[in-house]
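Report on one structure; see the data block that follows.
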Ligand SMILES: Nc1ncnc2c1ncn2[C@@H]1O[C@H](COP(=O)(O)OP(=O)(O)O)[C@@H](O)[C@H]1O
Ligand SMILES: O=C(O)[C@@H](O)C(=O)COP(=O)(O)O
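Numbering (our numbering), first residue to last: 139 to 563.
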């Protein structure tokens with residue numbers, strides 16, 4: 139297998155979002171959980187997206203894991219590696235985007251790396267280095283209240299400069315609009331001034347196509363699914379990947395009970411949970427009790443045990459920004475987040491033990507904890523439920539077929555949970 143593109147995603151929902159984008163552009167793509175072991179049988183593919191849970195861990199550990207993934211991908215022939223970050227640039231002043239980018243850039247030997255979280259299909263655009271989420275700057279969007287990495291600055295040149303050892307510059311929309319050679323010229327000027335990373339504006343998919351073609355001059359780029367789309371289109375346009383070759387994924391029904399788990403506290407997910415009350419049984423966990431001990435998990439499993447044979451269930455820990463803040467002030471941000479993630483993983487494990495083979499998970503960190511606990515080594519990409527969220531068919535699991543959907547907290551329409559289950563037969 140010689141890869142045309144290697145990808146390292148800093149969380150599992152982000153990885154499935156990118157795998158979805160690459161598949162839709164015609165690349166045969168597989169999503170692996172971590173660096174795959176040698177005995178995982180992978181199909182013949184153009185792209186591998188290695189999913190890491192490295193967004194909110196210690197920066198040093200994120201660097202070590204990302205470098206190991208890069209080494210594996212380069213060893214499979216990947217000439218270009220995309221470090222997939224969140225389209226809302228989720229990070230803190232200590233990382234992990236900057237430190238991982240710096241390390242991968244050093245490994246790749248590139249003098250300068252293109253960076254853009256733009257993903258116009260989901261309303262993420264970048265202008266003059268400022269990230270917009272729909273109509274508002276990042277710092278006015280619901281991301282200002284994220285439980286783990288609240289975003290308070292929409293200027294990505296500043297945000298990245300605080301995290302990175304290199305100088306950070308900007309390729310603005312006016313330059314981009316003049317075409318690939320104008321971008322190349324600007325990058326050469328920046329590199330000559332010791333700038334090692336360039337945030338590049340992008341508003342429309344055509345901007346991403348220009349970015350994708352320039353990115354392929356380099357060995358590394360950093361961004362969200364939008365730059366993935368640009369790179370995939372450039373690979374197809376250059377003939378390096380045969381268009382329309384995306385592997386067909388088995389559509390055979392899996393059946394059996396279905397469940398949804400929500401650990402995201404995003405506004406979108408809170409609304410989706412409220413809407414799900416109309417179509418399925420919903421249990422709201424008591425976050426304080428989750429942290430207190432295992433009884434809340436037992437209560438959730440007993441509750442679902444009584445209902446799941448009659449229809450899908452949804453179990454949510456999600457709460458509003460002020461409730462999240464109150465909990466964090468009592469227990470600490472990381473301790474609260476970790477305890478709830480592990481409780482969600484316990485619940486997922488219990489549900490699967492009782493026969494659930496169709497599972498929807500809302501939240502990136504939450505999905506990471508659940509998928510790790512279920513020991514799923516990888517996924518093939520099926521139908522698209524919503525922008526950035528595909529149906530995933532697990533590969534390499536012992537207990538037979540299993541379907542999952544890993545939803546970024548911010549993604550999906552108002553009826554996401556029922557939309558997902560309709561496609562997960
Ligand atoms: N009620 C709650 N209070 C505080 N933190 C919570 C609560 N429910 C979930 N969390 C934590 O908030 C974080 C949500 O992050 P994540 O799952 O990545 O969602 P998103 O995709 O919206 O970023 C997780 O660490 C989760 O355990
Ligand atoms: O790029 C995106 O917005 C998503 O792919 C993503 O990374 C999701 O992260 P979470 O919101 O933490 O699930």
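Cβ atoms here follow ideal geometry from the backbone N, Cα and C, with glycine treated the same way. Please read these numbers as outputs of a predicted model, since none were measured by experiment.
Can you tell me where the beta strand (DSSP E) with residue i in it begins and where it stops?
{"i": "residue 213", "result": "Taken as a continuous stretch (DSSP letters only), residue 213 belongs to no beta strand (DSSP E), being part of the alpha helix (DSSP H) at 197-213."}
{"i": "residue 223", "result": "Premise fails: residue 223 is in no beta strand (DSSP E) and is neither H nor E."}
{"i": "residue 270", "result": "268-271"}
{"i": "residue 144", "result": "143-147"}
{"i": "residue 322", "result": "Note, residue 322: premise wrong, no beta strand (DSSP E); alpha helix (DSSP H) at 318-330."}
{"i": "residue 304", "result": "Residue 304 -> no beta strand (DSSP E), and no H or E assigned at all."}
{"i": "residue 254", "result": "251-254"}
{"i": "residue 263", "result": "262-265"}
{"i": "residue 400", "result": "396-400"}
{"i": "residue 230", "result": "Element bounds for residue 230: n/a, residue is neither H nor E."}
{"i": "residue 379", "result": "Premise fails: residue 379 is in no beta strand (DSSP E) and is neither H nor E."}
{"i": "residue 87", "result": "The displayed coordinates of the chain run from 139 to 563. Any statement about residue 87 would go beyond what the structure contains."}
Pop quiz: residue i and residue j are said to be a contact at Cβ under 8 Å. What is the actual Cβ separation, rounded to whole angstroms?
{"i": "residue 241", "j": "residue 201", "result": "5 Å"}
{"i": "residue 442", "j": "residue 473", "result": "Residue 442 to residue 473, Cβ: 26 Å. No contact."}
{"i": "residue 251", "j": "residue 356", "result": "7 Å"}
{"i": "residue 321", "j": "residue 348", "result": "7 Å"}
{"i": "residue 452", "j": "residue 499", "result": "About 11 Å separates the two Cβ atoms, so there is no contact after all."}
{"i": "residue 418", "j": "residue 555", "result": "7 Å"}
{"i": "residue 462", "j": "residue 285", "result": "5 Å"}
{"i": "residue 243", "j": "residue 368", "result": "Not really, about 19 Å apart at Cβ, beyond 8 Å."}
{"i": "residue 482", "j": "residue 360", "result": "That pair is no contact at about 29 Å."}
Leaving aside the five residues before and after residue i along the sequence, list all residues of the same chain whose C-beta is less than 8 Å from its C-beta, in chain order.
{"i": "residue 288", "result": "281 and 282"}
{"i": "residue 300", "result": "231 and 236"}
{"i": "residue 336", "result": "250, 251, 252, 253, 306, 307, 308, 309, 324, 325 and 328"}
{"i": "residue 534", "result": "178, 179, 514, 515 and 516"}
{"i": "residue 266", "result": "308, 310, 311 and 339"}
{"i": "residue 181", "result": "166, 168, 385 and 518"}
{"i": "residue 277", "result": "289, 290, 291 and 292"}
{"i": "residue 445", "result": "419 and 451"}
{"i": "residue 214", "result": "139, 140, 141, 144 and 186"}
{"i": "residue 503", "result": "149, 191, 193, 194, 286, 401, 475 and 479"}
{"i": "residue 205", "result": "241, 242 and 245"}
{"i": "residue 352", "result": "252, 318, 321, 322 and 325"}
Using a Cβ-Cβ cutoff of less than 6 Å, which residues in the same chain neighbour residue i once the five nearest sequence positions on both sides are dropped?
{"i": "residue 150", "result": "189, 505, 506, 509 and 544"}
{"i": "residue 90", "result": "The requested residue 90 is not part of the displayed model; the chain covers only 139 to 563."}
{"i": "residue 501", "result": "401, 402 and 547"}
{"i": "residue 263", "result": "256, 270 and 341"}
{"i": "residue 465", "result": "425 and 474"}
{"i": "residue 553", "result": "413"}
{"i": "residue 246", "result": "357 and 358"}
{"i": "residue 370", "result": "160, 163 and 165"}
{"i": "residue 459", "result": "283"}
{"i": "residue 350", "result": "368, 369, 371 and 372"}
{"i": "residue 489", "result": "397"}
{"i": "residue 551", "result": "524"}
{"i": "residue 233", "result": "197 and 301"}
Give the range of the alpha helix (DSSP H) segment to which residue i is assigned.
{"i": "residue 347", "result": "343-353"}
{"i": "residue 491", "result": "471-491"}
{"i": "residue 374", "result": "363-375"}
{"i": "residue 158", "result": "150-162"}
{"i": "residue 554", "result": "554-561"}
{"i": "residue 334", "result": "Unbroken run through residue 334 is the beta strand (DSSP E), 333-338; no alpha helix (DSSP H)."}
{"i": "residue 189", "result": "No alpha helix (DSSP H) contains residue 189, which is instead part of the beta strand (DSSP E) from 185-189."}
{"i": "residue 313", "result": "311-315"}
{"i": "residue 241", "result": "235-246"}
{"i": "residue 298", "result": "294-301"}
What does a CB cutoff of less than 7 Å around residue i pick up in its chain, not counting 5 residues either side in sequence?
{"i": "residue 526", "result": "155, 158, 260, 363, 546 and 549"}
{"i": "residue 567", "result": "The structure shown does not extend to residue 567, since the chain is modelled only from 139 through 563, so no value can be given for it."}
{"i": "residue 562", "result": "396, 496, 529, 541 and 543"}
{"i": "residue 486", "result": "399, 497, 508, 511 and 512"}
{"i": "residue 422", "result": "454"}
{"i": "residue 477", "result": "428 and 429"}
{"i": "residue 558", "result": "498, 523 and 543"}
{"i": "residue 532", "result": "514, 517, 540 and 542"}
Three or more C-beta pairs closer than 8 Å, one from the stretch 339-356 and one from the stretch 181-200: is that the case here?
no
Scan the stretch 413-463 and note each continuous beta strand (DSSP E) run of 3 residues or more that stays entirely inside, going in chain order.
419-422 and 451-454
Assess, as a yes-or-no matter, whether the stretch 157-168 is touched by the stretch 509-523 under the definition of 3 or more beta carbon pairs within less than 8 Å.
yes
Just list the alpha helix (DSSP H) runs in the stretch 491-549, keeping only unbroken ones of 4 residues or longer that don't cross its boundaries, in chain order.
502-512
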